[in-house]
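Residue numbers (the UniProt record's numbering), protein chains in the order written: chain P, 1 to 207; chain S, 1 to 207.
Just so it is clear, CB atoms sit at the ideal spot from N, CA and C, and this is done for glycine as well.
A quick write-up on the structure given underneath.
2 protein chains.
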Amino acid sequence: MHVVIPLYPRFTALDAVGPYTVLAFAPGFTVTFAAERPGPVTDDRGSLTLTATASYADVPAPDVVVVPGGPGTLDVLEDEALLGWIRQAHEHTRWTTSVCSGSLLLGAAGLLEGARATTHWALLDFLGNVGAEPVAERVVEHGRIVTAAGVSAGIDMALTLLARASDATTAQSVQLAIEYDPQPPFTCGSPRTAPEGLVERALAIIT
Amino acid sequence: MHVVIPLYPRFTALDAVGPYTVLAFAPGFTVTFAAERPGPVTDDRGSLTLTATASYADVPAPDVVVVPGGPGTLDVLEDEALLGWIRQAHEHTRWTTSVCSGSLLLGAAGLLEGARATTHWALLDFLGNVGAEPVAERVVEHGRIVTAAGVSAGIDMALTLLARASDATTAQSVQLAIEYDPQPPFTCGSPRTAPEGLVERALAIIT
Numbered sequence: 001m002h003v004v005i006p007l008y009p010r011f012t013a014l015d016a017v018g019p020y021t022v023l024a025f026a027p028g029f030t031v032t033f034a035a036e037r038p039g040p041v042t043d044d045r046g047s048l049t050l051t052a053t054a055s056y057a058d059v060p061a062p063d064v065v066v067v068p069g070g071p072g073t074l075d076v077l078e079d080e081a082l083l084g085w086i087r088q089a090h091e092h093t094r095w096t097t098s099v100c101s102g103s104l105l106l107g108a109a110g111l112l113e114g115a116r117a118t119t120h121w122a123l124l125d126f127l128g129n130v131g132a133e134p135v136a137e138r139v140v141e142h143g144r145i146v147t148a149a150g151v152s153a154g155i156d157m158a159l160t161l162l163a164r165a166s167d168a169t170t171a172q173s174v175q176l177a178i179e180y181d182p183q184p185p186f187t188c189g190s191p192r193t194a195p196e197g198l199v200e201r202a203l204a205i206i207t
Numbered sequence: 001m002h003v004v005i006p007l008y009p010r011f012t013a014l015d016a017v018g019p020y021t022v023l024a025f026a027p028g029f030t031v032t033f034a035a036e037r038p039g040p041v042t043d044d045r046g047s048l049t050l051t052a053t054a055s056y057a058d059v060p061a062p063d064v065v066v067v068p069g070g071p072g073t074l075d076v077l078e079d080e081a082l083l084g085w086i087r088q089a090h091e092h093t094r095w096t097t098s099v100c101s102g103s104l105l106l107g108a109a110g111l112l113e114g115a116r117a118t119t120h121w122a123l124l125d126f127l128g129n130v131g132a133e134p135v136a137e138r139v140v141e142h143g144r145i146v147t148a149a150g151v152s153a154g155i156d157m158a159l160t161l162l163a164r165a166s167d168a169t170t171a172q173s174v175q176l177a178i179e180y181d182p183q184p185p186f187t188c189g190s191p192r193t194a195p196e197g198l199v200e201r202a203l204a205i206i207t
């Protein structure tokens, strides 16, 4: 199973590396980071650079696509090199997926018309603009399109996907291998559970 | 607050990028990836390359050190460039931390003598070899040494650390910003909760 993760400037690192780690540990999976041109791509904080080893032209027919999000999403909403690749790759994939604002790119590529989909809580309303039905859930499956909520939700999405693509025991094995037994120190990771005033502080961090 | 994450060949990507994302989003924090020499460092799957932008000599006095783990840990247990840097950086840090097998490197540097510490569940017994008291908890604080369990535990560790280094509200803001409201698809992320036979399958993945 060949997974391709496209990178673009100012992506959010965990959006890409969460699903990457899950899928790269899965037996029989290989993961390739791609960009318009191979080379270094720097994240939204400006302090982490990942290497894209393939161009989009090098990977026309992946089995799985994982589109990460990040502040840079807004700069590539009309980038036909990326959107065109997503569109044509989707003709070949078994699953086309996104994390965080990555779903806006699936939408901009025309893949979310009438689809149930999710994104980061701060952007949920924008999904309507690309024809999707926004759903405030952590992982949303709509046929072979799977979207995840913000940043860290990509880990849950990738494990869910792996259970479909392989089997539940394989996904469980990877979950145990990466010791994914989360114990967040606070109960505030969603606007539904966050104490009053926290949404404004979180928005100040991400915008 | 200056955080340095040392990279070495065959580290596990999420060990580094989980804490990185948490701390890089924190107001007033900057994070630098370092290695013996600046340049690309490739992970344990061979398919993700991160760029170290500093040498160890460039970052002698960080406020926080986060040492990631991975299969490559075993190859650097006697690497004096890395161990010597950890040892002398620890003289300056407010917190010296690790994820997964990274704690074996803290131990090899001589920092865990008599300390309560943790690591990936598969390696817990090895901590005794470096003089530590192994503790099967997700995040273990022993003075200014903070160790995390396997791979994904670095996210919980970094949020715990951030609450100490800044305040609880700041840590909560970052937790909400990265939508860390985990909903793992299975309850099997620890040997305590994993169904029978899964430990052997997970070990086959990571070894």
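With a threshold of 8 Å on Cβ separation, who are the neighbours of residue i within its own chain once the five nearest residues in sequence on each side are excluded?
i        : result
S:Leu159 : Val22, Ala171, Val174, Gln175, Tyr180
P:Leu48  : Ala13, Thr42
S:Trp95  : Asp63, Val64, Val65, Arg144, Ile145, Val146, Leu161, Arg164, Ala165
P:Ser152 : Leu14, Gly18, Gly189
P:Leu127 : Ser103, Leu104, Gly107, Leu112, Ala117, Thr118, Thr119, Glu133, Pro134
Who pairs with residue i in a beta bridge, going by DSSP?
i        : result
P:Glu141 : P:Val146
S:Arg116 : S:Glu133
S:Pro40  : S:Thr51
S:Thr30  : S:His2
P:Ala35  : P:Ser55
P:Val66  : P:Thr97
Quick one, which of the options has its alpha-carbon nearest residue i's?
i        : options                               : result
P:Arg144 : P:Ala81, P:Ala34, P:Arg192, P:Leu106  : P:Leu106
S:Ala132 : S:Gly18, S:Ala148, S:Ala117, S:Pro38  : S:Ala117
S:Val59  : S:His90, S:Glu137, S:Gly72            : S:His90
P:Ala202 : S:Ala26, S:Asp15, S:Phe11, S:Leu7     : S:Ala26
P:Gly72  : P:Thr12, P:Ser47, P:Ala115, P:Leu83   : P:Thr12
S:Arg164 : S:Val199, S:Val64, S:Asp125, S:Phe33  : S:Val64
P:Val67  : P:Ala61, P:Ile86, P:Glu80             : P:Ile86
P:Gly46  : P:Thr187, P:Tyr8, P:Ala136            : P:Tyr8
S:Ala57  : S:Asp75, S:Ala81, S:Leu74             : S:Ala81
S:Thr97  : S:Glu141, S:Gly28, S:Thr187, S:Asp125 : S:Glu141
S:Gly70  : S:Ala61, S:Asp44, S:Ile205            : S:Asp44
S:Gly197 : P:Pro191, P:Thr169, P:Glu196          : P:Thr169
S:Gly28  : S:Pro134, S:Asp167, S:Ala204, S:Val76 : S:Asp167
P:Val199 : S:Val135, S:Ile178, S:Gly128          : S:Ile178
S:Asp125 : S:His92, S:Pro185, S:Leu104           : S:Leu104
P:Glu137 : P:Pro195, P:Asp156, P:Glu78           : P:Asp156
P:Asp75  : P:Pro185, P:Ala34, P:Arg10            : P:Arg10
How would you list, in chain order, the residues of chain S whose beta-carbon sits under 9 Å from the beta-carbon of residue i?
i        : result
P:Pro62  : Here the premise fails: no neighbours, minimum Cβ distance about 13 Å.
P:Arg138 : Glu179, Asp181, Pro182, Gln183
P:Ala163 : Pro185, Phe186
P:Asp156 : Pro182, Gln183, Pro184, Pro185
P:Ser98  : Simply none; closest approach about 14 Å.
Which same chain residues, not among the five before or five after residue i, have their C-beta less than 6 Å away from its C-beta?
i        : result
P:Thr30  : His2
P:Gly154 : Asp15, Gly18, Pro19, Val99, Ala148
P:Leu123 : Ser101
S:Leu83  : Ala108, Ala109
For a contact meaning CB atoms closer than 7 Å, what does residue i contact in chain P?
i        : result
S:Trp121 : Glu179
S:Tyr20  : Ala13, Leu48
S:Thr32  : Ser47
S:Gly28  : Ordered by position in chain P, no residue passes the 7 Å Cβ test against S:Gly28, which lies about 11 Å from the chain.
Which bits of chain S does residue i rub up against, with CB to CB less than 8 Å?
i        : result
P:Thr169 : Leu198, Arg201
P:Leu159 : Pro184, Pro185, Phe186
P:Ala54  : In chain order: nothing, as chain S lies at least about 10 Å away.
Taking residue i as the query, report the chain S residues whose CB atoms sit under 7 Å from its CB, ordered along the chain.
i       : result
P:Gln88 : Those within 7 Å of P:Gln88 in chain S number zero; the least Cβ separation is about 23 Å.
P:Thr51 : Pro40, Thr49
For residue i, which residues in chain P fall below 8 Å Cβ to Cβ?
i        : result
S:Ala194 : Gln172, Leu176
S:Leu83  : The contacting residues do not exist; S:Leu83 stays about 24 Å from chain P at best.
S:Phe25  : Arg45, Ile205, Ile206
S:Val151 : Thr21, Ala177, Ile178, Glu179, Tyr180
S:Ser103 : By Cβ distance, chain P contributes nothing, its closest Cβ being about 13 Å from S:Ser103, past 8 Å.
Using a Cβ-Cβ cut-off of 7 Å (strictly less than) and excluding sequence neighbours within five positions of residue i, which residues of its own chain qualify?
i        : result
P:Pro38  : Ala52, Thr53, Ala54, Ser55
S:Tyr20  : Ile5, Val31
S:Gly150 : Cys100, His120, Trp121
S:Thr187 : Thr193
S:Pro191 : Trp121, Val199
With a floor of 4 residues, list each alpha helix (DSSP H) that falls wholly inside the segment 162 to 198 of chain S, ordered by position along the chain. You should have 168 to 177.
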